[in-house]
Amino acid sequence: MQIYLPIAELSVNLFFLVGIGGAVGFLSGLFGVGGGFLLTPLLIFSGVPAPVAVASVTGQVVAASTSGALSHYRRGGIDLHLAMYLILSGILGAFGGVATFSVLRAAGQLDLVIAVGFVVLLGFVGILMLQEAVRALLKSRQGVVVRERLPNQHSWIHGLPWRVRFKKSRLYISVLPVLAIGLFIGFVGSLLGIGGGFVMVPALVYLLRVPGNVVIGTSLAQVVAMMAATTIMHAVQSQSVDILLAFCLMVGGTAGAQFGAAAGQHLRGEQLRGLLALLVLAVAIRFGLSLVLAPDDVFSMAVTSVVR
Amino acid sequence: MSRLLALLLIVLLSAVPVCAAARLVSGVSNDTIQITSSFDGERLTFFGTIAPEAGSGQRYVEGPFDVVIVVLGPTQDRVAREKTHNFGIWLNTEQVEFKRFPSYFHVLSSRRLLEIADINLLNQNFILPEAHAMIPNIAGFMKTLVFGRELIRLMSEQGLFGVQENGVQFMSDTFYTAQLTLPSSAPPGPYIAQTYVFQNGQIIARKSEGFAVRKIAFERFLAQSATQYPLLYGIACVILALFTGWLGGVLFRR
Chain Y
0 MQIYLPIAEL SVNLFFLVGI GGAVGFLSGL FGVGGGFLLT PLLIFSGVPA
50 PVAVASVTGQ VVAASTSGAL SHYRRGGIDL HLAMYLILSG ILGAFGGVAT
100 FSVLRAAGQL DLVIAVGFVV LLGFVGILML QEAVRALLKS RQGVVVRERL
150 PNQHSWIHGL PWRVRFKKSR LYISVLPVLA IGLFIGFVGS LLGIGGGFVM
200 VPALVYLLRV PGNVVIGTSL AQVVAMMAAT TIMHAVQSQS VDILLAFCLM
250 VGGTAGAQFG AAAGQHLRGE QLRGLLALLV LAVAIRFGLS LVLAPDDVFS
300 MAVTSVVR
Chain L
0 MSRLLALLLI VLLSAVPVCA AARLVSGVSN DTIQITSSFD GERLTFFGTI
50 APEAGSGQRY VEGPFDVVIV VLGPTQDRVA REKTHNFGIW LNTEQVEFKR
100 FPSYFHVLSS RRLLEIADIN LLNQNFILPE AHAMIPNIAG FMKTLVFGRE
150 LIRLMSEQGL FGVQENGVQF MSDTFYTAQL TLPSSAPPGP YIAQTYVFQN
200 GQIIARKSEG FAVRKIAFER FLAQSATQYP LLYGIACVIL ALFTGWLGGV
250 LFRR
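Residue numbers (numbering that gives the first Met the number 0), protein chains in the order written: chain Y, 0 to 307; chain L, 0 to 253.
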């Protein structure tokens, strides 16, 4: 069954859209990430124009993260005070990201920056996660009890000025690294059409030492608020948010996420992180190859004005 | 400027029929093509008959005739880009912009175009796809030529440009029909179908018809809201997303 997307101006199979939404939703539920980093490339590879894909996935990430954020909120798993700092700086970063997005699109280098961004970001995060997961797996196999680093171990980050007390996270740290993380994720997320949960969670855990019981909820709350703001910015700036496309993805995504979350309970934490790392690396390699290998067609085209 | 005037003059001169003893009576099956949510392309039928010029006293016209139909979509500014290998990676380095380039261009003809008329006459009337890429451009002649050819190839691969040299069928000596399937990727906007009647390599009659491709009902509402009320549209997207996410959580909660 074909459905015509009014903003992308092409017709796509409805079951295909709901299907990839569901499949990515399943993975996002399984690993506890938004899934934007999989959905955006999938849409681009299946013919949706890159600007429409990035902007519409932003809307889908909001939906995918909402149910998770709400359930964490009910369990008291969100540090609202910390989330507020992250959201405000994230929205500021997203302003920069959306503006950069328009400039790059006009210069014809958007695809390049998206590809390089995915390679660098996903490659880096993927390798770190894989290392950590393999180490944990090896240790648990040898029967060694993995001793996690304690939240009260300090690093140079804790010596910075403007310290604020975050009660729920039991932290008394400088706001500078918090704002920097928010800015970075806002910028990268709006540029690449990803929520950035898989960057946010490690950053909160390893850089700020946010305790495990609030880290996922706080990250999800930040993703919901920041991506909601980014969706509105994309709608105003580039008018490339396709509400029908986003809705089809949301329906598949929210359903898939529930099954993914259920399936995730049968796997151990290290195994999950290892699998996620492989997935993240696979996407990075796919983008890397597209940069390095000779393209099928060295010529491409784009529309630079609206239809008259 | 003078070159432009010369071009205009050529076009105008070629518009003067050599033997104006025929006229074209033609029509098109749809004057609007409506894009609904299930839009998956649409088939158009062009038809017409070649009749003696009114008031000429002629009873019938004598063939054989050739008919060429040029279907032209709304224009857009389009760029063609070329990737080159730099520092180990492939990136877009060169680009040529083509202003007011047709977003859709299809030619239907009753015979091979080059058998119907001289290539210059075809180019002057923008009947060949290449003619659209030969408009003088700031990028310079050679670059325009190379990038223009590639742009036309890319457009053809997407089904937006095309030439069907057996697309027009004659049912009798003077009555023809032609069918064209407009793909779902054809952009909305005003379209023009130019019909030319050729005899002995000259244009003896021409007529143009307009039709529109437009979004209707819900699709139209969405597209209009997105461009006219972008802020409200964005907020609506977010509310929809929040609601869908919340509903999903409620429905599947265990």
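For every residue, glycine included, the Cβ atom is placed at its ideal position computed from N, Cα and C.
Other residues of its chain near residue i: CB distance less than 7 Å, five sequence neighbours each side excluded
i, result
"residue 245 of chain Y", "55, 58, 59"
"residue 218 of chain Y", "196, 199, 200, 203"
"residue 59 of chain L", "51"
"residue 3 of chain Y", "10"
"residue 225 of chain L", "232"
"residue 90 of chain Y", "185, 225, 228"
"residue 189 of chain L", "73, 209, 211"
"residue 28 of chain L", "43, 44"
"residue 128 of chain L", "104, 151, 160, 162"
Nearest neighbour of residue i, chosen from the options [CA to CA]
i, options, result
"residue 153 of chain L", "L:79, L:232, L:235, L:63", "L:79"
"residue 12 of chain Y", "L:222, L:183, L:248, L:197", "L:183"
"residue 39 of chain L", "Y:262, Y:65, Y:1", "Y:1"
"residue 80 of chain Y", "Y:170, Y:131, Y:187", "Y:170"
"residue 104 of chain L", "L:155, L:63, L:146, L:55", "L:155"
"residue 242 of chain L", "Y:64, Y:297, Y:141", "Y:64"
"residue 41 of chain L", "L:144, L:30, L:236, L:162", "L:30"
"residue 283 of chain Y", "Y:208, Y:94, Y:115, Y:299", "Y:115"
"residue 163 of chain L", "L:185, L:131, L:109", "L:109"
"residue 294 of chain Y", "L:229, L:249, L:90", "L:90"
"residue 220 of chain L", "L:24, L:23, L:34", "L:34"
"residue 71 of chain L", "L:47, L:54, L:94, L:99", "L:99"
Same chain, Cβ closer than 8 Å to residue i, neighbours up to 5 away in sequence not counted
i, result
"residue 237 of chain Y", "50, 54, 97, 100, 101, 104"
"residue 301 of chain Y", "107"
"residue 15 of chain Y", "45"
"residue 200 of chain L", "115, 116, 117, 120"
"residue 308 of chain Y", "Outside the displayed span of chain Y (0 to 307) sits residue 308 of chain Y, for which this structure offers no information."
"residue 212 of chain Y", "76"
Local Cβ density within 10 Å of residue i, reported as buried at 16 or more and exposed below that
i, result
"residue 292 of chain Y", "exposed"
"residue 171 of chain L", "exposed"
"residue 119 of chain L", "exposed"
"residue 85 of chain L", "exposed"
"residue 269 of chain Y", "buried"
"residue 238 of chain L", "exposed"
"residue 166 of chain Y", "exposed"
"residue 192 of chain L", "buried"
Cβ-based neighbour list, residue i, same chain, cut-off 6 Å, excluding 5 preceding and 5 following
i, result
"residue 92 of chain L", "83"
"residue 177 of chain L", "45, 68, 107, 166, 167"
"residue 23 of chain Y", "34, 37, 38"
"residue 286 of chain Y", "114, 117, 118"
"residue 209 of chain Y", "168, 203"
Chain L contact for residue i (CB, 9 Å cutoff)
i, result
"residue 245 of chain Y", "yes"
"residue 292 of chain Y", "yes"
"residue 233 of chain Y", "yes"
"residue 242 of chain Y", "yes"
"residue 188 of chain Y", "no"
"residue 298 of chain Y", "yes"
"residue 223 of chain Y", "yes"
"residue 99 of chain Y", "no"
"residue 5 of chain Y", "yes"
"residue 218 of chain Y", "no"
Test item: CB-CB of residue i and residue j under 9 Å
i, j, result
"residue 27 of chain Y", "residue 33 of chain Y", "yes"
"residue 247 of chain L", "residue 173 of chain Y", "no"
"residue 173 of chain L", "residue 26 of chain L", "no"
"residue 280 of chain Y", "residue 121 of chain Y", "yes"
"residue 7 of chain Y", "residue 249 of chain Y", "no"
"residue 92 of chain Y", "residue 189 of chain Y", "yes"
"residue 134 of chain L", "residue 21 of chain L", "no"
"residue 130 of chain L", "residue 136 of chain L", "no"
"residue 297 of chain Y", "residue 81 of chain L", "yes"
"residue 222 of chain L", "residue 48 of chain Y", "no"
Cβ of residue i within 9 Å of any chain Y Cβ
i, result
"residue 23 of chain L", "no"
"residue 105 of chain L", "no"
"residue 132 of chain L", "no"
"residue 154 of chain L", "yes"
"residue 40 of chain L", "yes"
"residue 190 of chain L", "no"
"residue 229 of chain L", "yes"
"residue 214 of chain L", "yes"
"residue 162 of chain L", "no"
"residue 248 of chain L", "yes"
"residue 75 of chain L", "yes"
"residue 81 of chain L", "yes"
Where residue i meets chain B, residues with beta-carbon distance less than 8 Å
i, result
"residue 63 of chain Y", "Considering every chain present, this structure includes no chain B. Its protein chains are Y and L."
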